[in-house]
Amino acid sequence: MNRIIVLLLSLNLLACESEKASKKAAIEKPNIVYIQIDDLGYKDLAFMGSDYYETPNLDALAASGMIFTQGYAGAANCAPSRACLMTGKNTPAHGVYTVAASERGNVKTRKIIPTRNTLHIKDSEFTLAELLKAEGYKTATFGKWHISEDPLRDGFDINFGGTKAGSPGREGYLAPYNNLPGLKEAPEGEYLTDRLTTEAIHFLKSHAAEKFFLYLPYFTVHTPLIAKDSLLKKYQNKAGSKGQKNPVYAAMVENMDTQIGRILSTLDQLRLRENTLIIFTSDNGGIRSISNQDPLRAGKGSYYEGGIRVPYIFSWPGKIAKSSKCNTPIVNLDIFPSLAHILGKEVKDGELDGKNIFPLLKGKNIPERNFYWHFPIYLQAYRPLDDDGRDPLFRTRPGSVIRSGNWKLHQYFEDGGLELYNLEEDLGERNNLAESNPAKTQELLDLLEAWRVKMNAPVPDSLNPEYEAGFIPERYRDQIKL
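Here the working numbering is used: the first residue of the sequence shown is 318, the next is one more, and so on.
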């Protein structure tokens with residue numbers, strides 16, 4: 318009889334322990350705050366090396382966790398990068414390659430007919446927000462959406478500001494705003510970044526007792542460049558440094574940092590930081606004519622490093638070591654499988670195009686892998702003298718890119734051009750080794766072509782009958798030597 322009582326007590330104790338373990342596991346699933354800045358360059362932050370921009374709150378956030386020195390966006394411009402993040406799939410899988418049409422630039426300057434662009438992700442795509450919502454998270458987005466008509470149809474419970482639009486529009490940083498959802502009632506002159514932060518803080522306070530996914534894709538620092546007067550004078554009187562000298566842009570960067578500081582303070586006040594994973598990044602590289610990222614070449618829209626390398630911070634107190642740094646390359650395609658792993662939802666091989674990088678956040682290693690970008694369309698130049706692209710008329714012409722170890726190969730479809738760089742020795746991608754190292758060039762080209770076959774990636778090859786060799790549009794003739 319005593320043995321039965323002891324057994325029952327033991328089973329009861331085990332049940333209690335199991336219940337405690339279950340509750341603990343649930344607690345271990347963190348709240349998630351994902352902050353994505355629009356067109357912020359790799360070095361446009363003090364903790365990334367800028368002497369001009371002032372970002373004390375982000376510097377503190379970086380010190381609280383891990384930064385990545387070789388972090389990438391899934392694409393070099395807004396919509397495709399965001400589609401990569403939300404679907405976990407590379408561009409050939411969702412077909413979003415750019416904003417609007419793929420026939421960018423003057424028709425007479427395009428040698429081939431580009432692949433048709435897909436404007437939005439398909440309704441059938443299972444998004445990161447839908448994953449988190451299915452796991453019981455309250456999901457909310459505050460800012461730029463850009464990859465479908467309405468984020469409420471793609472997994473979000475709450476939306477402030479998100480539409481298919483890619484910028485706030487003319488004078489859009491100042492109220493009254495341009496028909497952005499949830500923001501129609503606003504005092505004249507209110508600043509958009511501040512208002513989005515205020516709404517996000519209200520969400521945090523209202524849902525502090527729930528698991529939440531706060532997606533904060535600010536419109537800032539996307540054009541039009543409009544700064545708050547209270548900060549503008551400060552930077553007009555501050556000397557520029559290393560090609561960073563635009564006072565309006567600098568004022569926008571500092572205000573962005575201040576607003577993120579408000580979010581962090583609210584998490585502290587609500588005692589939520591200990592169980593909140595915060596991720597900070599940019600959707601693509603910055604615009605080179607606005608802010609220089611030397612030694613990185615080019616900027617937004619280019620598949621040189623300046624267009625795709627972006628800053629990353631991961632902060633989760635007690636889980637990610639303070640003031641840590643990782644030199645292993647990652648890409649925003651990795652966010653979906655990594656968050657799935659944290660939630661206990663392992664992803665099967667081939668389902669997503671990124672990898673679980675949680676081991677890196679714990680100071681461990683992951684297997685080395687190759688990275689791929691595919692862009693079978695055109696993006697015209699911003700400013701030929703400043704863009705630092707392959708040619709002055711386009712930031713990017715149709716092509717693909719592979720990074721394998723420290724090697725990076727660009728392939729261009731118009732002329733079969735190949736560019737091979739060793740990033741360890743030539744981060745600025747200036748010394749093309751394609752001819753001097755044909756073996757490595759062929760090795761990477763074979764890998765790139767095999768990947769395209771696997772992904773069913775389109776390669777445009779139809780000639781454009783309106784192409785005129787040597788033609789330069791009138792708008793560029795004062796910048797380009799004939």
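Virtual Cβ for every residue (Gly too), placed ideally from N, Cα, C.
Per DSSP, residue 736 lies in no alpha helix (DSSP H); the unbroken beta strand (DSSP E) holding it starts and ends at 735-739.
In the DSSP assignment, residue 350 forms a beta bridge with 531 and 595.
For residue 603, the CB contacts under 7 Å within the same chain, skipping 5 residues up- and downstream, are 356, 357, 358, 361, 610, 616 and 617 in chain order. By the criterion of at least three beta-carbon pairs nearer than 8 Å, the segment 760-773 is in contact with the segment 671-691.
Less than 7 Å separates the beta-carbon of residue 539 from that of residue 484.
In this structure, the alpha-carbon of residue 607 lies about 24 Å from that of residue 385. A contact is defined here as three or more CB-CB pairs under 8 Å, and the segment 655-664 fails this definition with respect to the segment 424-439. The residue from 414, 759 and 700 with its alpha-carbon nearest to that of residue 392 is 414. In this structure residue 681 is exposed. Its beta-carbon is surrounded by fewer than 16 other beta-carbon atoms within 10 angstroms. Note: residue 643 is bridge-paired with 385 in the DSSP secondary-structure output. The C-alpha of residue 734 lies about 19 Å from the C-alpha of residue 743. Between residue 472 and residue 447, the C-beta spacing is below 7 Å.
Under the three-state reduction of DSSP output, residue 712 falls in the strand class. Taking one beta carbon from each stretch, the segment 617-635 and the segment 708-720 have 3 or more pairs nearer than 8 Å; the two touch. Pairing residue 534 with residue 552 gives a Cβ-Cβ distance that is not under 7 Å.
The Cβ atoms of residue 365 and residue 628 sit closer than 7 Å to each other. For residue 688, no alpha helix (DSSP H) run applies; the uninterrupted beta strand (DSSP E) run containing it begins and ends at 687-692, by DSSP.
Straight through space, the alpha carbons of residue 511 and residue 567 are spaced by roughly 16 Å. The beta-carbon separation of residue 576 and residue 370, rounded to 15 Å, does not stay under the 8 Å limit for a contact. If you draw a straight line from the Cα of residue 656 to the Cα of residue 792, it comes to about 46 Å.
Residue 450 and residue 456 do touch by the CB rule: their CB atoms are close to 5 Å apart, below 8 Å. In the three-state DSSP reduction, residue 724 falls in the strand class (E or B). In the displayed model, residue 697 falls within a strand according to three-state DSSP. Setting aside the 5 residues that flank it on each side, residue 495 is surrounded in the same chain by 485, 486 and 489, each with a C-beta closer than 7 Å to its C-beta; the list follows chain order.
Between residue 469 and residue 480 a beta carbon distance of about 11 Å is seen, past the 8 Å cut, so the two are scored as non-contacting.
Among the bridge pairs identified by DSSP, residue 476 is matched with 458. In the DSSP assignment, the residues bridged to residue 648 are 389. Residue 728 is classed as buried because its beta carbon has at least 16 other beta carbons within 10 Å across all chains shown.
By the neighbour-count criterion, in which 16 or more other beta carbons inside 10 Å mark a residue as buried, residue 747 falls on the exposed side.
Look at residue 561 here: in three-state DSSP terms it is strand.
Straight across, the Cα-Cα distance linking residue 502 with residue 519 is about 16 Å. With contacts defined as CB atoms closer than 7 Å, residue 461 and residue 530 fail to qualify as a contacting pair. When DSSP states are grouped into helix, strand and coil, residue 719 belongs to the strand group.
7 Å or more divides the Cβ of residue 634 from the Cβ of residue 685. For residue 607, the secondary structure class from DSSP, reduced to helix, strand or coil, is coil. Per DSSP, residue 784 is not a residue of any beta strand (DSSP E), being assigned neither H nor E.
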